[in-house]
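For the sequence shown, my numbering begins at 9 and goes up steadily by one. We treat Cβ as the ideally placed atom computed from N, Cα and C, and that holds for glycine. In this text the structure is predicted, and so the values were computed from the model without any measurement. For reference, the structure discussed in these notes is given below.
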Amino acid sequence: MTYEMRVAGLTRALPLCPISDTLTIGAFVIFGDVELTCACARELLKIAPEFDYMVAPEAKAIPLIHEMARQSGRNGYFLVRKAPKLYMNGVFEAVDRSITTQGEQKLYMDGADAAKMKGRRILILDDVISTGGSLAAVESLVDQAGGHVVGRMAILAEGDAAKRKDILFLERLPLFDAQGNPLG
Numbered sequence: 009m010t011y012e013m014r015v016a017g018l019t020r021a022l023p024l025c026p027i028s029d030t031l032t033i034g035a036f037v038i039f040g041d042v043e044l045t046c047a048c049a050r051e052l053l054k055i056a057p058e059f060d061y062m063v064a065p066e067a068k069a070i071p072l073i074h075e076m077a078r079q080s081g082r083n084g085y086f087l088v089r090k091a092p093k094l095y096m097n098g099v100f101e102a103v104d105r106s107i108t109t110q111g112e113q114k115l116y117m118d119g120a121d122a123a124k125m126k127g128r129r130i131l132i133l134d135d136v137i138s139t140g141g142s143l144a145a146v147e148s149l150v151d152q153a154g155g156h157v158v159g160r161m162a163i164l165a166e167g168d169a170a171k172r173k174d175i176l177f178l179e180r181l182p183l184f185d186a187q188g189n190p191l192g
């Protein structure tokens, strides 16, 4: 089963993936789709507030943040990681509860990145916002770093996230029942 949707002027068929006996989600993956990544970055930059730096959780948002940095002429952005790396110093963490990750997951920020964020305008990016768990974890890390969140953006807002007034997004992605019918 697939769900056809149009985003940033392009049409894509999203595979439908069951996450429980009663709930199915549309899998939106920009990995390997350069045309879609570039188009989404362009459209998000058109509606982005003024910012100094962008930050995103790894991994699916990496091509998006990279392309938005390239198109905006910026030479830097930050990633929060799913595990601390040996090269990271002064690491701090936040808990993430995401619809696509079973259970709890921790996200980590490098202290050197945090130092650059202090007092700066930070734009949080993700590919899809659904429950807002990853968004909240990234925002917690930005707060701990002393950054000022000026915007929260995603390509898609899934389910009830589309009703939120505190995020900017390009398109709404519905949730689906077990048979692939859109809910709500």
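For the beta strand (DSSP E) that residue i lies in, which residues bound it at each end?
{"i": "MET117", "result": "113 to 117"}
{"i": "THR32", "result": "32 to 34"}
{"i": "THR45", "result": "Not the beta strand (DSSP E): THR45 falls in the alpha helix (DSSP H), residues 42 to 55."}
{"i": "TYR61", "result": "61 to 65"}
{"i": "VAL88", "result": "86 to 88"}
{"i": "GLU177", "result": "With the sequence shown as reference, residue 177 is identified as Phe, and Glu is not the correct amino acid for it. Note, PHE177: beta strand (DSSP E), 176 to 181."}
Do residue j and residue i come within 8 Å of each other at the CB atom, strictly closer than that value?
{"i": "THR32", "j": "ASP135", "result": "no"}
{"i": "ALA77", "j": "VAL103", "result": "no"}
{"i": "LEU149", "j": "GLU166", "result": "no"}
{"i": "MET13", "j": "GLY188", "result": "no"}
{"i": "GLY155", "j": "MET125", "result": "yes"}
{"i": "LEU131", "j": "GLY34", "result": "no"}
{"i": "GLU75", "j": "LEU178", "result": "no"}
{"i": "ALA170", "j": "ALA122", "result": "no"}
{"i": "ILE163", "j": "LEU72", "result": "yes"}
{"i": "ALA69", "j": "LEU133", "result": "yes"}
{"i": "PRO65", "j": "SER142", "result": "yes"}
Thinking residue i and residue j are a contact (beta carbons under 8 Å), I'd like their distance in whole angstroms, please.
{"i": "GLU101", "j": "LEU115", "result": "7 Å"}
{"i": "SER80", "j": "LEU44", "result": "Their Cβ separation, rounded to whole angstroms, is 18 Å, which puts SER80 and LEU44 out of contact at 8 Å."}
{"i": "PHE99", "j": "CYS48", "result": "Before going on, a small fix: residue 99 reads as Val here, not Phe. Not quite, the Cβ-Cβ distance comes to about 30 Å (not below 8 Å), so this is no contact."}
{"i": "GLN113", "j": "LYS90", "result": "7 Å"}
Quick one: what does DSSP say residue i is sitting in, helix, strand or coil?
{"i": "ILE70", "result": "helix"}
{"i": "MET161", "result": "strand"}
{"i": "ALA21", "result": "strand"}
{"i": "ALA102", "result": "strand"}
{"i": "MET13", "result": "strand"}
{"i": "ASP135", "result": "strand"}
{"i": "GLU58", "result": "coil"}
{"i": "ARG82", "result": "coil"}
Can you give me the start and stop residues for the alpha helix (DSSP H) that residue i sits inside?
{"i": "LEU143", "result": "141 to 153"}
inquiry  = Pairs of beta-carbons, one from the segment 156 to 174 and one from the segment 54 to 72, closer than 8 Å: are there three or more?
reply    = Contact between the segment 156 to 174 and the segment 54 to 72 is present, because at least three Cβ pairs lie under 8 Å.
ask   = Should the segment 12 to 20 be regarded as contacting the segment 118 to 130, the criterion being three or more beta carbon pairs within less than 8 Å?
value = At 8 Å Cβ cutoff, the stretches do not touch.
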